[in-house]
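Single-structure report; data block below.
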Amino acid sequence: MEIKRSELAKQFQCVPSQINYVISTRFTLEKGYIVESKRGGGGYIRITKVESHEDIALFEHMCQLIGNKIDQQTAQNIVFRLYEEEAITRREANLMMSALDRAHYKSTVAHRDEIRANVLKAMIETLKYKENET
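First residue of the sequence shown: 9, per our numbering; consecutive thereafter.
What follows is the structure in C-alpha coordinates.
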(Lines of atoms letter the chains of each structure in order from A and count residues from 1; the text may use other names and numbers.)
(Lines give C-alpha, C1' and ligand atoms only; values in the text may rest on other atoms or scores of the structure.)
Protein backbone atom coordinates (compact mmCIF):
# COMPACT_ATOMS: atom_id res chain seq x y z
CA MET A 1 0.00 0.00 0.00
CA GLU A 2 1.25 3.50 -0.77
CA ILE A 3 -0.19 6.58 0.93
CA LYS A 4 0.50 10.26 0.23
CA ARG A 5 1.75 11.72 3.50
CA SER A 6 0.12 15.11 2.92
CA GLU A 7 -3.33 13.61 2.26
CA LEU A 8 -3.17 11.42 5.35
CA ALA A 9 -1.96 14.36 7.46
CA LYS A 10 -4.90 16.50 6.24
CA GLN A 11 -7.34 13.75 7.11
CA PHE A 12 -5.93 13.38 10.63
CA GLN A 13 -5.33 17.14 11.01
CA CYS A 14 -1.68 16.86 11.91
CA VAL A 15 1.72 17.46 10.33
CA PRO A 16 3.17 14.82 7.97
CA SER A 17 6.10 14.07 10.31
CA GLN A 18 3.65 12.87 12.96
CA ILE A 19 2.04 10.52 10.44
CA ASN A 20 5.43 9.02 9.67
CA TYR A 21 6.12 8.30 13.35
CA VAL A 22 2.72 6.75 14.01
CA ILE A 23 2.82 4.53 10.93
CA SER A 24 6.40 3.35 11.54
CA THR A 25 5.64 2.43 15.15
CA ARG A 26 2.46 0.52 14.28
CA PHE A 27 3.78 -1.30 11.20
CA THR A 28 7.07 -2.83 12.38
CA LEU A 29 9.26 -5.55 10.94
CA GLU A 30 8.45 -7.66 13.98
CA LYS A 31 4.78 -7.42 13.00
CA GLY A 32 5.57 -8.36 9.40
CA TYR A 33 5.76 -4.96 7.68
CA ILE A 34 8.39 -2.79 6.06
CA VAL A 35 7.69 0.94 6.03
CA GLU A 36 9.41 3.19 3.50
CA SER A 37 9.00 6.93 3.61
CA LYS A 38 9.85 9.80 1.28
CA ARG A 39 9.55 13.35 2.48
CA GLY A 40 8.91 16.38 0.34
CA GLY A 41 6.27 17.54 -2.15
CA GLY A 42 5.60 14.12 -3.65
CA GLY A 43 6.24 12.40 -0.34
CA TYR A 44 4.64 9.09 0.47
CA ILE A 45 4.61 6.26 2.96
CA ARG A 46 4.78 2.77 1.48
CA ILE A 47 3.75 -0.15 3.69
CA THR A 48 4.74 -3.60 2.49
CA LYS A 49 3.61 -6.83 4.12
CA VAL A 50 6.47 -9.32 4.30
CA GLU A 51 6.81 -12.89 5.41
CA SER A 52 9.74 -14.72 6.93
CA HIS A 53 12.14 -16.42 4.57
CA GLU A 54 12.10 -20.22 4.79
CA ASP A 55 15.75 -20.12 5.91
CA ILE A 56 15.25 -17.63 8.75
CA ALA A 57 16.95 -19.92 11.30
CA LEU A 58 20.04 -20.14 9.07
CA PHE A 59 20.12 -16.35 8.66
CA GLU A 60 19.82 -15.85 12.43
CA HIS A 61 22.59 -18.38 13.07
CA MET A 62 24.88 -16.61 10.61
CA CYS A 63 24.22 -13.23 12.31
CA GLN A 64 25.23 -14.77 15.63
CA LEU A 65 28.45 -16.12 14.12
CA ILE A 66 29.40 -12.68 12.77
CA GLY A 67 29.62 -10.97 16.13
CA ASN A 68 30.97 -7.41 16.38
CA LYS A 69 33.73 -7.82 13.80
CA ILE A 70 34.59 -10.21 10.99
CA ASP A 71 37.53 -10.59 8.61
CA GLN A 72 37.01 -10.80 4.87
CA GLN A 73 37.69 -14.55 4.55
CA THR A 74 35.21 -15.48 7.28
CA ALA A 75 32.60 -13.13 5.79
CA GLN A 76 33.09 -14.74 2.39
CA ASN A 77 32.72 -18.19 3.97
CA ILE A 78 29.37 -17.15 5.46
CA VAL A 79 28.13 -15.83 2.12
CA PHE A 80 29.29 -19.02 0.40
CA ARG A 81 27.46 -21.11 3.02
CA LEU A 82 24.24 -19.15 2.43
CA TYR A 83 24.65 -19.74 -1.31
CA GLU A 84 25.45 -23.43 -0.82
CA GLU A 85 22.33 -23.85 1.32
CA GLU A 86 20.34 -22.13 -1.47
CA ALA A 87 19.22 -19.42 0.96
CA ILE A 88 20.50 -16.76 -1.46
CA THR A 89 20.91 -16.57 -5.23
CA ARG A 90 24.22 -16.36 -7.08
CA ARG A 91 23.49 -12.69 -7.82
CA GLU A 92 22.86 -11.93 -4.15
CA ALA A 93 26.06 -13.76 -3.22
CA ASN A 94 28.07 -11.78 -5.78
CA LEU A 95 26.62 -8.48 -4.55
CA MET A 96 27.41 -9.40 -0.96
CA MET A 97 30.96 -10.49 -1.80
CA SER A 98 31.56 -7.22 -3.59
CA ALA A 99 30.23 -5.14 -0.70
CA LEU A 100 32.40 -7.03 1.80
CA ASP A 101 35.68 -6.64 -0.10
CA ARG A 102 38.43 -4.95 1.93
CA ALA A 103 39.16 -2.61 -0.98
CA HIS A 104 36.03 -0.63 -0.03
CA TYR A 105 37.13 -0.01 3.57
CA LYS A 106 39.98 2.51 3.85
CA SER A 107 40.60 2.35 7.61
CA THR A 108 42.43 0.37 10.26
CA VAL A 109 41.99 -3.40 10.17
CA ALA A 110 39.97 -3.46 13.41
CA HIS A 111 37.64 -0.69 12.26
CA ARG A 112 37.30 -2.28 8.81
CA ASP A 113 36.28 -5.61 10.37
CA GLU A 114 33.65 -3.85 12.53
CA ILE A 115 32.18 -2.07 9.51
CA ARG A 116 32.18 -5.30 7.51
CA ALA A 117 30.34 -7.10 10.32
CA ASN A 118 27.68 -4.37 10.46
CA VAL A 119 27.23 -4.40 6.67
CA LEU A 120 27.00 -8.19 6.51
CA LYS A 121 24.47 -8.34 9.37
CA ALA A 122 22.39 -5.60 7.71
CA MET A 123 22.32 -7.56 4.44
CA ILE A 124 21.36 -10.78 6.22
CA GLU A 125 18.63 -8.99 8.21
CA THR A 126 17.18 -7.72 4.92
CA LEU A 127 17.28 -11.21 3.43
CA LYS A 128 15.35 -12.69 6.36
CA TYR A 129 12.12 -11.25 4.99
CA LYS A 130 10.59 -11.37 1.55
CA GLU A 131 7.79 -9.27 0.12
CA ASN A 132 4.44 -10.92 -0.43
CA GLU A 133 3.71 -11.36 -4.10
CA THR A 134 0.05 -10.38 -4.15
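Yeah, the Cβ is synthetic: ideal placement off N, Cα and C, and Gly gets one too. Computed from a predicted structure; not experimentally measured.
Practice problem: Give the DSSP-derived three-state secondary structure of SER115 in the structure shown. | Solution: coil
Exercise. Take every Cβ of the region 110 to 119, pair it with every Cβ of the region 84 to 99, and state whether three or more of those distances are shorter than 8 Å.
Key: The region 110 to 119 is not in contact with the region 84 to 99.
Quiz item: Which runs of the beta strand (DSSP E) spanning at least 3 residues fall entirely within the region 33 to 102, listed in chain order?
Solution: 41 to 46 and 52 to 60
Exercise. Would you mind working out which of ILE55, LYS129, ARG120 and ARG99 sits nearest GLN80, comparing C-alpha positions?
Key: ARG120
Quiz item: Does the separation of the CB atoms of LEU66 and ALA95 fall below 7 Å?
Solution: yes
Quiz item: Rounded to a whole number of angstroms, what is the C-alpha to C-alpha distance between HIS69 and LYS57?
Solution: Rounded to whole angstroms, HIS69 to LYS57 spans 24 Å at the Cα level.
Quiz item: Rounded C-beta distance between LYS77 and ALA125? I'm assuming under 8 Å.
Solution: 5 Å
Quiz prompt | Given PHE35 as reference, the closest of ARG54, ILE74, GLY75 and ASP109 once Cα atoms are compared | solution = Cα-wise, what sits closest to PHE35 is ARG54.
Quiz item: What residues match up with ILE11 in a beta bridge as DSSP calls it?
Solution: Within the DSSP bridge table, the entry for ILE11 names ILE53 as partners.
Quiz item: Under a Cβ-count criterion, where at least 16 other Cβ atoms within 10 Å of its own Cβ denotes burial, should ARG98 be classed as buried or exposed?
Solution: exposed
Quiz item: Quick one: Cα of MET131 to Cα of ASP109, how far?
Solution: 14 Å
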